[in-house]
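Enquirer: Numbering (full-length UniProt numbering), first residue to last: 1 to 134.
1) Please classify residue 50: does DSSP put it in a helix, a strand, or coil?
2) Just verifying my parser: in three-state terms, what is the DSSP assignment at residue 29?
3) Going by the CB atoms, is the gap between residue 92 and residue 70 shorter than 9 Å?
4) From residue 98 to residue 82, what does the alpha carbon distance come to, in whole angstroms?
5) Taking Cβ to Cβ, would you say residue 102 is nearer than 9 Å to residue 60?
6) Using C-beta distances below 8 Å, list every residue in its chain close to residue 96, excluding the 5 sequence neighbours before and after it, in chain order.
7) For residue 94, count the other beta carbons within 10 Å of its own beta carbon; 16 or more makes it buried, fewer makes it exposed. Which is it?
8) Please classify residue 41: does DSSP put it in a helix, a strand, or coil?
9) Inspect the beta-carbon positions of residue 74 and residue 46 and report whether they are closer than 9 Å.
10) On the DSSP bridge list, what partners appear for residue 97?
11) Going by beta carbon distance, what residues of the same chain come within less than 7 Å of residue 26, once the five residues before and after it are set aside?
12) Of all the options 76, 78 and 62, which has the alpha carbon lying nearest to the alpha carbon of residue 105?
13) Run through DSSP, which three-state label would residue 73 get?
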């Protein structure tokens, strides 16, 4: 093998300048929030959820308002008969939850409790927020 046939070692191969390495933005780049069908569906439960409002178009986290359900009424009967009715308002897990947009105050979604015989275990009952990372 002759010395001319060997590749040169230690000399970088020059390709040219890549304009995107300088920080130029490609012409087909999407800037801003793409409008259209959401990729992931928001789950509205007991906790505030991230959403994009269909009424005003703002993005954010919902405001949750609670209203008593029939499960809450049945759940309040037992403590009421035992004389510890101060526990009734603390049974928030049995209440209906309504999600509202913080910008325009329109109702975005609701999460209603329909099970009158709902059983809960307060020391072991935890539900993480969908809005906050774990």
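Ideal placement from N, C-alpha and C gives every residue a C-beta, glycine not left out.
Expert: In terms of the structure at hand:
1) Indexing the chain shown from 1 puts residue 50 at position 50. Correct three-state label for residue 50: strand.
2) Reading the chain shown from its first residue, position 29 is the one you call residue 29. The answer is coil: DSSP assigns residue 29 none of H, G, I, E or B.
3) Counting from 1 along the chain shown, the entry for residue 70 is found at position 70. Counting from 1 along the chain shown, the entry for residue 92 is found at position 92. No. Outside cutoff.
4) For the purposes of this step, residue 98 is taken as residue 98 along the chain shown, with counting starting at 1. For the purposes of this step, residue 82 is taken as residue 82 along the chain shown, with counting starting at 1. Distance between the alpha carbons of residue 98 and residue 82: 31 Å.
5) For this step, residue 102 is matched to residue 102 along the chain shown. For this step, residue 60 is matched to residue 60 along the chain shown. Closer than 9 Å, so yes.
6) Here residue 96 corresponds to residue number 96 of the chain shown, with the count starting at 1. So the list reads 66, 67, 68, 69, 110, 111, 112 and 113, once near-sequence residues are dropped.
7) In the chain shown, the residue the question calls residue 94 occupies position 94. Flag for residue 94 reads buried.
8) Taking the chain shown and counting its residues from 1, the one referred to as residue 41 is at position 41. Here residue 41 sits in coil by DSSP.
9) Taking the chain shown and counting its residues from 1, one reaches residue 74 at position 74. Taking the chain shown and counting its residues from 1, one reaches residue 46 at position 46. In this structure, residue 46 does not lie closer than 9 Å to residue 74 by Cβ.
10) What you label residue 97 is simply residue 97 of the chain shown in a count that begins at 1. Bridge partners of residue 97: 66 and 111.
11) As a first step, residue 26 is located in the chain shown; it is residue number 26 there, counting from the start. The answer, listed in chain order, is 20.
12) Taking the first residue of the chain shown as 1, we reach residue 105 at position 105. The option with the nearest alpha carbon to residue 105 is 62.
13) For the purposes of this step, residue 73 is taken as residue 73 along the chain shown, with counting starting at 1. It is helical.
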